[in-house]
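Numbered per the working numbering, the sequence shown finishes at 209, counting up by one with no gaps.
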Amino acid sequence: MSNYDFYFTRLMYDSGDWDVDIRTPSNILNSLVEYTTLRVDTVERVVALSDPKMLSAPFCYLAGHKLVQLSPIERKHLERYIKGGGFLFVDDCNHDIDGLFAKSFEAEIARIFGSKALKKIPNSHPLYSSFFHFDGPPNTSVELNGWGDDLVHDYLKAIEVQGRIRLLYSNKDYGCEWDYDFRNKRFLAVDNTRFAVNIIQYALGA
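And the structure:
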């Protein structure tokens with residue numbers, strides 16, 4: 004880690020489909036190189052949630068579509084990581100508040116941290132001004148025609164520890180929105196991965 008300020012860690016878990024949106028990490032890493040002065044490892048790291056190595060990662064990403072059923076060691080590591088000052092970004096690839104991933108993951112979080120731990124964060128939260136300025140969570144094109152909800156999710160949820168977000172949870176499916184070759188950004192009027200820069204800058208600012 005001494006040669007880098009940041010590296011991207013994707014968490015592999017035994018249930019569900021953790022290996023989604025495979026181009027998203029390289030796209031995000033490209034944005035960090037383009038917009039910031041961080042020394043960035045440009046290679047995604049994949050680490051099992053059951054592996055204690057994940058406890059030392061500065062930032063972890065967990066996503067999927069399917070049922071999430073964590074093992075006892077996965078729950079233990081998740082709790083230690085969040086309470087110990089790590090930062091986990093969780094993205095529901097179903098972009099559906101009542102979908103299978105959402106219900107099962109939120110149930111796991113309630114089991115570990117309590118039913119009231121995961122809370123909506125206001126659109127005035129420092130997360131939205133940690134690098135670029137946003138008036139709240141950017142919408143994604145995919146959430147406009149989700150799996151039965153057909154709603155725009157106007158908030159994100161989080162678990163905060165001592166006033167800092169340690170787990171950021173999204174039903175907006177940013178992973179799918181950012182799952183394209185970073186060289187195609189030139190075709191976008193506005194780079195939609197800029198919010199990822201905010202998330203990571205906030206995570207590193209603790």
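Every residue, glycine too, gets a C-beta built ideally from N, C-alpha and C.
Presumed contact (8 Å Cβ cut-off) between residue i and residue j, rounded CB distance
i           : j           : result
residue 2   : residue 71  : In the structure as shown, the chain starts at 4 and stops at 209, and residue 2 therefore has no counterpart that could be examined.
residue 203 : residue 158 : In fact, because the Cβ distance is near 20 Å, the residues do not count as touching under 8 Å.
residue 27  : residue 178 : 5 Å
residue 201 : residue 181 : In fact, because the Cβ distance is near 13 Å, the residues do not count as touching under 8 Å.
residue 100 : residue 156 : 7 Å
residue 105 : residue 174 : 6 Å
residue 36  : residue 43  : 5 Å
residue 60  : residue 87  : No, residue 60 and residue 87 are not in contact; Cβ-Cβ is about 11 Å, not under 8 Å.
residue 11  : residue 31  : 7 Å
residue 98  : residue 22  : With a Cβ gap of about 18 Å, residue 98 and residue 22 do not count as contacting.
Start-to-end residues for the beta strand (DSSP E) that takes in residue i
i           : result
residue 167 : 167-173
residue 92  : 91-95
residue 100 : Looking at the DSSP string, residue 100 is not in any beta strand (DSSP E), and its letter there is neither H nor E.
residue 205 : Taken as a continuous stretch (DSSP letters only), residue 205 belongs to no beta strand (DSSP E), being part of the alpha helix (DSSP H) at 197-207.
residue 65  : 63-67
Among the options, nearest to residue i - alpha-carbon criterion
i           : options           : result
residue 135 : 86, 9, 38         : 38
residue 6   : 35, 133, 41, 32   : 41
residue 47  : 53, 55, 24        : 24
residue 186 : 33, 169, 108      : 33
residue 113 : 174, 82, 11, 13   : 82
residue 139 : 146, 129, 145     : 129
residue 54  : 22, 100, 31, 13   : 13
residue 137 : 198, 61, 31       : 198
residue 168 : 176, 49, 141, 206 : 206
residue 85  : 164, 118, 52, 9   : 164
residue 193 : 21, 111, 9, 143   : 143
residue 122 : 162, 58, 62       : 162
Opening and closing residue of the alpha helix (DSSP H) in which residue i lies
i           : result
residue 178 : 177-180
residue 105 : 103-116
residue 84  : 75-86
residue 189 : From DSSP, residue 189 is part of no alpha helix (DSSP H); its letter is neither H nor E.
The ligand PLP heavy atom lying under 7 Å from the CB of residue i
i           : result
residue 178 : Ligands in the displayed structure: none, and consequently the ligand PLP is not present.
> Do the region 93-110 and the region 59-66 meet, that is, are 3 or more Cβ pairs less than 8 Å apart?
Replying inline: yes
> Of all the alpha helix (DSSP H) runs that stay within the bounds of the region 20-51, which reach a length of 4 or more residues?
Replying inline: 27-38
> Is it a yes or a no for the region 73-92 touching the region 7-24, going by three-plus beta-carbon pairs under 8 Å?
Replying inline: yes
> Counting only runs that start and end within the region 124-164, where is the beta strand (DSSP E) found for 3 or more residues in a row?
Replying inline: 159-164
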